[in-house]
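Have a look at the structure below before the remarks.
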Amino acid sequence: MKVARFATDGGEPQFGIVDDEELVVLAGDPLYHGLDTTGQRIALESVRLLAPVIPRSKVICVGMNYAAHAQEMGHEGPDNPLVFLKPNTAVVGPGDPIILPPVHGRIVHEGELAVVIGSVAKRVKPEDWESVVFGYTIANDVSARDVMFADGQWARAKGYDTFCPLGPWIETELDPSNLDIHTSVDGETRRAGNTKDLIYSIPEIIAFCSDVWTLLPGDVICTGTPPGLGGFVDGQRVDITIEGIGTLSNPAKNRDDRTDD
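Each residue of the sequence shown is one higher than the one before, counting from -14 in the numbering used here.
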């Protein structure tokens, strides 16, 4: 089942279940109010899809979680899941522009499978991981790559506004263990991989992260990006497709005060 967050012209955000070319409108946020419907149906083409969830607490990301990506970054791979946080102000939805800040160096895309947490969770055992998952969506862990190296830590480089596109919806019925991930820029393949190649599996990631932080409904865990060429610039479009979910597309746009060096 695909659960979308959307808005109509001038309307407040709503939630709905995707049914072919229509949305079956839900009575409230499914993370807190369940999947009761209003009986109303709206044509999918008539709405604007929004980020399917705005985390009230945190976006957790796992770095270097594909061996080939770690190697291309000159890293042997972490001894434990390498986790960091993005602020929820980085989240945008399908079609929203990724605003490129006026910094030196490359801005890169990182297409990833994202886990949406559905319940309060602390010290989850790996065998109980499914009990705390609401569903899955697509994330783009946008990064100012050269800023990462210059700062020596990742908070600024990965935390800019718009640096965490999510969407197009949440798929609640999915086996995440063997999914193709494909990222392209203006139709040219840049990254490709499969979740079967994750160094740390989703059960391991949830167990590790919930030992560090209490996970709350709506928290998002981005599980890592496959290898590939990641740079993009103003005017280009980044498309990320994950098997069983769909495609997340976002254009890139220079911030108005960006200057050429």
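For glycine and all other residues, C-beta sits at the position ideal for the given N, C-alpha and C.
### Own chain, CB closer than 6 Å to Gly231, minus 5 neighbours either side, in chain order
Around Gly231, the same chain offers Pro153 as residues with beta carbons nearer than 6 Å, after the five sequence neighbours per side are excluded.
### Query
For Phe119, does the three-state DSSP call read helix, strand or coil?
In this structure, Phe119 counts as strand in the three-state DSSP scheme.
### Query
Given that a residue counts as buried once 16 or more other Cβ atoms are within 10 Å of its Cβ, and exposed if not, what is Phe134?
So Phe134 ends up on the exposed side.
#### Entry: Straight-line gap, Gly24 to Asn65 (C-alpha atoms, nearest Å)
Straight-line Cα distance between these residues: approximately 47 Å.
### Task
Mind listing, in chain order, the continuous beta strand (DSSP E) runs of no fewer than 3 residues lying wholly within the segment 44 to 91?
Runs of the beta strand (DSSP E) lying entirely within the segment 44 to 91 and spanning at least 3 residues, in chain order: 44 to 48, 67 to 71, 83 to 85.
### Query
Among Gly19, Gln221, Val223, which residue has its Cα nearest to the Cα of Phe119?
Nearest C-alpha to Phe119: Gly19.
### Query
Would you call the segment 91 to 99 and the segment 68 to 80 in contact, with 3 or more CB pairs under 8 Å?
Taking 8 Å as the limit for Cβ pairs, the verdict is that the segment 68 to 80 does not touch the segment 91 to 99.
### Rounded Cβ spacing between Asp126 and Thr210 (contact assumed at less than 8 Å)
So it is a contact: roughly 6 Å between Cβ atoms.
### Task
State the start and end residues of the unbroken alpha helix (DSSP H) segment that holds Glu189.
Bounds of the alpha helix (DSSP H) holding Glu189 are 187 to 197.
### Message
Please state the DSSP three-state secondary structure of His167.
### Response
The answer is strand: DSSP assigns His167 an E or B state.
### Query
Do Val88 and Val132 have their CB atoms nearer than 8 Å?
In terms of Cβ geometry, Val88 and Val132 form a close pair [threshold 8 Å].
### DSSP three-state assignment for Asp38, whether helix, strand or coil
First, the amino acid is wrong: residue 38 is Val here, not Asp. Three-state result, Val38: coil.
#### Entry: Top-ranked residue by Cα proximity to Gly178, from Thr168, Glu112, Gln(-1), Val47
Checked all of Thr168, Glu112, Gln(-1), Val47; the closest Cα to Gly178 is Thr168.
### Message
So, under 8 Å CB-CB, Ala36 and Glu7 are touching, yes? Tell me the CB distance rounded to an integer number of Å.
### Response
Incorrect: roughly 21 Å between the Cβ atoms, too far for contact.
### Task
Please determine, among Ala(-11), Gly103, Pro188, Val32, the residue with the shortest C-alpha to C-alpha distance to Arg41.
The option with the nearest alpha carbon to Arg41 is Gly103.
### Query
Which whole-angstrom value is the C-beta distance of Ile84 and Thr22, which I expect to be below 8 Å?
About 36 Å separates the Cβ atoms of Ile84 and Thr22, ruling out a contact at the 8 Å cut-off.
### Message
For a test of the three-state rule: what should DSSP assign to Trp114, helix, strand or coil?
### Response
Trp114 falls in the helix class under three-state DSSP.
### Query
Going by the CB atoms, is the gap between Val109 and Ser195 shorter than 8 Å?
At a Cβ-Cβ threshold of 8 Å, Ser195 and Val109 count as neighbours.
### Nearest-angstrom Cα separation, counted from Leu200 out to Lys107
Looking at the two C-alpha atoms, the distance is approximately 6 Å.
### Query
Going by the CB atoms, is the gap between Leu214 and Ile225 shorter than 8 Å?
Cβ distance not < 8 Å, so Ile225 and Leu214 don't count as in contact.
### Query
Of the choices Arg91, Gly(-5), Gly78, Val3, whose alpha-carbon is the least far from that of Glu156?
Across the set Arg91, Gly(-5), Gly78, Val3, the C-alpha of Val3 shows the shortest separation from the C-alpha of Glu156.
### Task
Less than 8 Å between the CB atoms is what I'm expecting for Val9 and Gly(-4), so what's the real figure, rounded?
With 8 Å as the limit, Val9 and Gly(-4) do not qualify as a contact, their Cβ atoms being about 16 Å apart.
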